[in-house]
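Residue numbers (this note's numbering), protein chains in the order written: chain A, 4 to 247; chain B, 4 to 247; chain C, 4 to 247; chain D, 232 to 503; chain E, 232 to 503; chain F, 232 to 503.
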């Protein structure tokens, strides 16, 4: 990002963004709980043009044994992009970026999952990015929470996630791909609305102290919107009219 | 093979092929049973210009233990080409092609070996292609059968192998390297003559339904020729005049 | 080294070398015992412009268990160069050269360490080349001996090391980087002065039988000089005035 | 998918007993393929794509088309590469890490079936001879496993290729330069269809599901082209076939392949 | 550094009890950084270097500057890459082999903090547009571990970059040609400072040492630039922060960052 | 080959007792090399090759000669690379997978022995300076193991190189173009011979067989050239040599090397 491109009009005089959204308006979000036959739990999210599938297995035995913990269960997360999910074909081998995001998402989910109820076992979360469009880690984290709930894993809360950011000197909600490339800052936020805890936070880009404060606040508010959609997805599957 | 070269005269008006053979004539085949000191069994084959060495170890313990099977022995096969065995020097790391051929040969040998007699153990077959000239997998499979017999592994039958194929719209026996490159189809066949079972079959190239039938049949007949040479090799070592 | 460059004046008419040294004069050598907090023993050496850090852990348990030996302890050595230690940035992955040198240093240290006193355990020696200037393996070996002593590992003797070599048809002591590149032969020597045993010896470059004899002898004599500096380093730490 | 437990053994016995009575465990005829649901263009940002559900086996294929360097000896031809991967969410036994032999075989058999049919005319995929060609990458990912990945991946890749839109590149300043908006279909000459048959006891069934896959002793995958010719074949598994069985499998693959080909065409036409 | 033993638990209890009384285990104030000792130019043959001791954590950074090929789409910019490695002599639990996720995160967070501050103006690091650019590699190696590697590596890399001398290359005969003796500083526009804070119980402490690191439930690393702006942030650990805590951490990072920045400048000036 | 069992211990005791009586376990004199059988041109399709049997140790070396890119700083020289691999059929303890340190050492010592003798004049192996040079790859594979791989591989590589036929390439259209039929020998200036000696107890024996290899405490491999000079040396094993022993080993290597060199020459002449 050393050298962001500023030629694109990211925000017009009416406060309308390059994809027609208002500054506090998220992209279209659709979450479906379930869907996979073999996984113990699963979810599918479309978040703007992001398309992400999450499968959960567990709690299950850990091999090799010495990787397990006698006091608590462990959470394992793999974030993975398909070769065809991005502009130029991605090499199938896991990149350093994917390994870091896997770790960040794992640590964002851990506060939500009651791992202490499953000593010696592991819960595996497999995230597959089918189509990427900026903000995959937030969309993935939101879907992973639903997939864990779908798998019946006891949870304290769900983690909802969305990015805030800065374009044209304005703090906005839900940074899309063009805004991430050409904008001034991108701040992915993961938040547990019931427990009022930020469990994922990253920032790339320059913010003043005041902007930083506003950016976190906008992100947290955005997470509350996502949270409602997550709950609806579970509702639709378990109590809804449309059978899945 | 998308784009076979058709400039070479693969079959002349007298039915003679580019290396002087008739359409149903195999290349020169020489098999020697034994030869290696450390291996439990071994064989060496020259099949046209192919030169292949096979060593067998086992039945022996499996490490790690969990790879073994309490009900039956397991067969492990490694097909490997030396860096100097082909036209351009081959990278020493195992290629995807070598991994696939290892698996195909393993599954071609399994029906022949009485693995149920050696529960919890493994038999290892190591195939080393010293010089390649088209048809290495068939030559390797034929030699591996002899090496397994030389190691005293109980067998139901031996697998004999040879490729049939199509050049100049004619079904032929024993495809050589030029015919594989410039011809129309290559069909490696592995066959157990006593049990009358095809245990290896692959095809690259286009055949009509009738040609397909003929090609399989020609391949099976060719395997019977190879089988005689395999038996002779064992005969020479164990009952023959020339001591080895 | 096929093609050594001979344009540089490596030895002038007064017997003075390209860096001002006499033919039997080593570069400046400074060894410090200890220095690292977490390692069980450590040493730092500056040998000319070489800067090398060595840390020792152990005796400690071996994982996986089957790598241990019920009769004796094992010594494990890793020689590793930092990316910034050489002229062109080095790829961080271990090179074949580093793996070979690790083995050579390990075998040079083994005769000095009373491994039989620590059955089932391992002593780990980690060598980090921070800045390289020709002769790293000898400097590393000398520092490793001090680090082992600093860790309190029982030893029969220390191994001192230095390279002899041939430039301008003359046998010299302590080959520097330019002499290694442009000279005629480089012979790293590791020696235990009390036990009178050569434990490391390598040679690249052409020597007559007589030169060979002289070169080994010069190297062994040089090791005795290094040995005094090693002893002084331990003396300084354990009995010296300056506390470390 | 390789482990054999007591439950597997019981299932296998049940499957065999039913086959003796001429029945399959899910009620299909021996030569009947499971329900095949195809969603073309499932990944709109890829150059081509398809999501295929064959029974409960589900595969997504995305095609990427981009300039690439030719191989040294084939500077007059584009590249075609087809891969396959089992995602770990597709089954509890799938492991991450370097691909295992059975996954390598899967990818290579799917690739060869399409390649040997000459479906894609790679001679038309040249930007500048010897310098730059067009690479076509068809990557399959398995998202749900219930047997017979060979055919599911093959159908997904074929539909993804049939519906792919290829950009145009000119050769400008010793580099390929994208011509905006100029999209054409891939040069397709035939539609390959792979048909996999499993041998269980002495019976041969088409399109084995997961339970049948675990119970079979051998299998064969045969690919046919639009002319009804056989263009690729791969035998697998730890048993053999008789010559007659192999000949019969060839005929079955032609007959069943014809039915499937109509479905692939329909999926292609659905997005045009 | 990840294993939890009974001793770790006792230490954790002790740390928590002290924090309840407003005290840290090593006597520091909650927002107090450990003693910071910086030796610039520790590796004279590198283009730039620094040895940094932050309490008992010690890191060496060496900078290598050399011609490189640009990425295809950014032929008008040089390369900046910052890495980090835990040497096995830095702690008994460090393993050799491919880098583990926590080391990859360390390297990427240190890299991003410097990159996002736009410290190095990579647009000035071009030898020949699209053909050859200057690559700047800042490689950190950890030689002694006592917690908070993020900040120690960041300071080491920053000082190594501040004191780097860049050779000059001309474009001659389609190759970069070194101009002997012509050394200039890197084009530096700001000095980024990373400040890491750990949450232990409900307390937040700056620059956690090894014992505190093992006891924390969550952490955040915030990088600020010379203008006092925040330019990078990374939350880690298995717990969360409240919104208020996060805002407060931002303010702390600006205040503490200012103090550290003076020390980095002093180290730079010491070698000039 | 590294595991020590009770049987190994008994064998070691027996070997030592015999050595005390001036005898070796297979009846050889201390400085006597095992029977050396050399078949040059064993792999006719390679550019050069040899199969060498040294006692019951058997090695095959194939040489491939092909155009390659030069290293950036040595555009006026061809490449020479010699490798060695232990095939798993050579001994029950050999494992497949990435090469272990002792195999890497084997390859590097064999390579250095030939390289440092300047056997191949790489300055003659240039097609177009800085653009294209000739690469000579001598790959050894061990097919049967009975100790002393250093010498067996070295002899196989040397004979393979001595009997190699090099094609000719011209520089046409910025590419190397093969000149059909124009084959010449490699530019050879000397014949290096490696001699390996093992220390068992206080005795030093030449060309240790497998049992002696397992019983030795240290070893040294010394390579001499046609002028009787020493050009490479590698000490190995977990013990040391006295200065006198090392000097003596040097003399032995010259004397024994001379005998072996005649056999390598004979093998070369046998195929001409």
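Note that beta-carbon positions come from the ideal geometry of N, C-alpha and C, so glycine has one too.
What you are looking at is a predicted structure, and each value in this text was computed from that prediction instead of being measured.
Residue nearest to residue 241 of chain E in terms of C-alpha spacing, selected from E/498, E/476, E/442: Counting from one through the fifth chain, the residue named residue 241 of chain E turns up at place 10. With distances taken between Cα atoms, residue 241 of chain E lies closest to E/442.
DSSP bridge partner residues for residue 478 of chain D (one or two, in chain order): Position 247 of the fourth chain, counted from the start, is the residue given in the question as residue 478 of chain D. Its beta-bridge partners do not exist; DSSP assigns none.
Proximal chain E residues relative to residue 42 of chain C, where beta-carbon distance stays under 7 Å: Counted from its first residue, the third chain places residue 42 of chain C at position 39. Near residue 42 of chain C (Cβ distances below 7 Å), the residues of chain E are 320.
Nonlocal neighbours in the same chain, by C-beta distance under 6 Å from residue 290 of chain D, ignoring five residues either side: Taking the fourth chain and counting its residues from 1, one reaches residue 290 of chain D at position 59. Cβ neighbours of residue 290 of chain D beyond the five flanking positions: 283, 371, 373, 383, 384, 387.
Residue 120 of chain A classed as buried or exposed, judged by whether at least 16 other C-beta atoms fall within 10 angstroms: Stepping through the first chain from its first residue, residue 120 of chain A is reached at position 117. Flag for residue 120 of chain A reads exposed.
DSSP three-state assignment for residue 70 of chain A, whether helix, strand or coil: Along the first chain, read from residue 1 onward, the residue named residue 70 of chain A stands at position 67. Here residue 70 of chain A sits in helix by DSSP.
Alpha helix (DSSP H) segment containing residue 280 of chain E, residue limits: The count along the fifth chain starts at 1 and reaches residue 280 of chain E at position 49. Not the alpha helix (DSSP H): residue 280 of chain E falls in the beta strand (DSSP E), residues 279 to 285.
8 Å Cβ cutoff, residue 191 of chain C in contact with chain E: The count along the third chain starts at 1 and reaches residue 191 of chain C at position 188. It does not: the Cβ of residue 191 of chain C has no partner Cβ on chain E nearer than 8 Å.
Of the listed residues D/481, D/295, D/293, nearest to residue 211 of chain B (C-alpha basis): Counting from one through the second chain, the residue named residue 211 of chain B turns up at place 208. Here the closest residue by C-alpha is D/481.
Beta-carbon proximity of residue 80 of chain A to residue 130 of chain A, cut-off 8 Å: As a position in the first chain, residue 80 of chain A is number 77, starting the count at 1. As a position in the first chain, residue 130 of chain A is number 127, starting the count at 1. Yes. Within cutoff.
Contact residues within the region 186 to 212 of chain A, judged by C-beta distance below 9 Å to chain E: 188, 190, 193, 194, 195, 198, 199, 200, 201, 202, 203, 204, 205, 206, 207, 208, 209, 210, 211, 212
Residues within the region 312 to 337 of chain D neighbouring chain B, beta-carbon criterion of under 8 Å: 332, 333, 335, 336
Proximity test, Cβ basis, 8 Å: residue 73 of chain A and chain E: Here the question's residue 73 of chain A lines up with position 70 in the first chain. No, because no Cβ of chain E sits closer than 8 Å to the Cβ of residue 73 of chain A.
Near-chain A residues of the region 247 to 275 of chain D (beta-carbon distance less than 9 Å), N- to C-terminal order: 273, 274, 275
Contained beta strand (DSSP E) runs [length at least 3] in the region 154 to 214 of chain A, N- to C-terminal order: 163 to 170, 173 to 176, 188 to 195, 200 to 210
Status (buried if at least 16 other CB within 10 Å, exposed otherwise) for residue 302 of chain F: What you label residue 302 of chain F is simply residue 71 of the sixth chain in a count that begins at 1. Label assigned to residue 302 of chain F: exposed.
Distance CB(residue 463 of chain F)-CB(residue 347 of chain F) smaller than 8 Å: Stepping through the sixth chain from its first residue, residue 463 of chain F is reached at position 232. Stepping through the sixth chain from its first residue, residue 347 of chain F is reached at position 116. In contact: residue 463 of chain F and residue 347 of chain F (Cβ atoms closer than 8 Å).
Among E/393, E/299, E/311, E/369, nearest to residue 362 of chain E - alpha-carbon criterion: Working through the fifth chain from its first residue, we reach residue 362 of chain E at position 131. Looking at the Cα atoms, E/299 is the closest of the given residues.
Other residues of its chain near residue 32 of chain A: CB distance less than 6 Å, five sequence neighbours each side excluded: Within the first chain, residue 32 of chain A is the residue found at index 29, counting from 1. Around residue 32 of chain A: 50, 232.
Distance, residue 46 of chain B Cα to residue 30 of chain C Cα: On the third chain, residue 30 of chain C is found 27 positions in, with the first residue counted as 1. On the second chain, residue 46 of chain B is found 43 positions in, with the first residue counted as 1. Taking the straight line joining both Cα atoms gives about 59 Å.
Chain C contacts from the region 473 to 497 of chain F (Cβ-Cβ distance under 9 Å): 473, 474, 476, 477, 478, 481, 482, 485
CA-to-CA distance, residue 98 of chain B to residue 40 of chain B, given in whole angstroms: Locating residue 40 of chain B in the second chain gives position 37, counting from the first residue. Locating residue 98 of chain B in the second chain gives position 95, counting from the first residue. In a straight line, the C-alpha of residue 40 of chain B is about 29 Å away from that of residue 98 of chain B.
Assigned exposure category for residue 172 of chain C - 16 Cβ within 10 Å defines buried: Counting from 1 along the third chain, the entry for residue 172 of chain C is found at position 169. Label assigned to residue 172 of chain C: exposed.
For residue 333 of chain F, three-class secondary structure by DSSP: Residue mapping note: residue 333 of chain F aligns to position 102 of the sixth chain, counting from 1. Looking at residue 333 of chain F - three-state DSSP - the assignment turns out to be helix.
CB contact below 8 Å: residue 300 of chain E versus chain G: Absence of chain G from the displayed structure is noted, the protein chains being A, B, C, D, E and F.
Endpoints, the alpha helix (DSSP H) within which residue 446 of chain E is located: Here residue 446 of chain E is taken as the residue at index 215 of the fifth chain, counted from 1. From DSSP, the alpha helix (DSSP H) with residue 446 of chain E extends over 441 to 446.
Best match in E/295, E/267, E/264, E/353 for proximity to residue 278 of chain E [C-alpha to C-alpha]: Here residue 278 of chain E is taken as the residue at index 47 of the fifth chain, counted from 1. With distances taken between Cα atoms, residue 278 of chain E lies closest to E/295.
Short Cβ contact (8 Å threshold) for residue 137 of chain B with residue 179 of chain B: The residue labelled residue 137 of chain B in the question sits at position 134 within the second chain. The residue labelled residue 179 of chain B in the question sits at position 176 within the second chain. Contact flag set, yes.
Residues of its chain near residue 245 of chain E, where Cβ-Cβ distance is below 6 Å and the 5 sequence neighbours each way are ignored: Looking up residue 245 of chain E in the fifth chain gives position 14. No residues qualify anywhere along the chain.
Delimiting residues of the beta strand (DSSP E) encompassing residue 244 of chain E: For the purposes of this step, residue 244 of chain E is taken as the residue at position 13 of the fifth chain. Looking at the DSSP string, residue 244 of chain E is not in any beta strand (DSSP E); the run it does join, the alpha helix (DSSP H), is 237 to 251.
Alpha-carbon spacing of residue 389 of chain E relative to residue 367 of chain E, whole angstroms: As a first step, residue 389 of chain E must be located in the fifth chain, where it is residue number 158. As a first step, residue 367 of chain E must be located in the fifth chain, where it is residue number 136. Going by the C-alpha atoms only, they are around 12 Å apart.
Top-ranked residue by Cα proximity to residue 449 of chain E, from A/154, A/109, A/218, A/147: Position 218 of the fifth chain, counted from the first residue, corresponds to residue 449 of chain E. Of the candidates A/154, A/109, A/218, A/147, the one whose C-alpha sits nearest the C-alpha of residue 449 of chain E is A/109.
Close-in-space but distant-in-sequence residues of the same chain around residue 287 of chain F (CB under 7 Å, 5 per side omitted): Working through the sixth chain from its first residue, we reach residue 287 of chain F at position 56. Taken in chain order, the residues that qualify are 375, 377.
CB of residue 167 of chain C within 8 Å of CB of residue 229 of chain C, strictly: Taking the first residue of the third chain as position 1, residue 167 of chain C is located at position 164. Taking the first residue of the third chain as position 1, residue 229 of chain C is located at position 226. No, these two residues do not count as a Cβ contact at 8 Å.
9 Å Cβ cut-off: residues of chain F touching residue 105 of chain C: Here residue 105 of chain C is taken as the residue at index 102 of the third chain, counted from 1. The contacting residues are 332.
Exposure of residue 237 of chain D, with buried meaning 16 or more beta-carbon neighbours within 10 Å: Counted from its first residue, the fourth chain places residue 237 of chain D at position 6. Classification for residue 237 of chain D: exposed.
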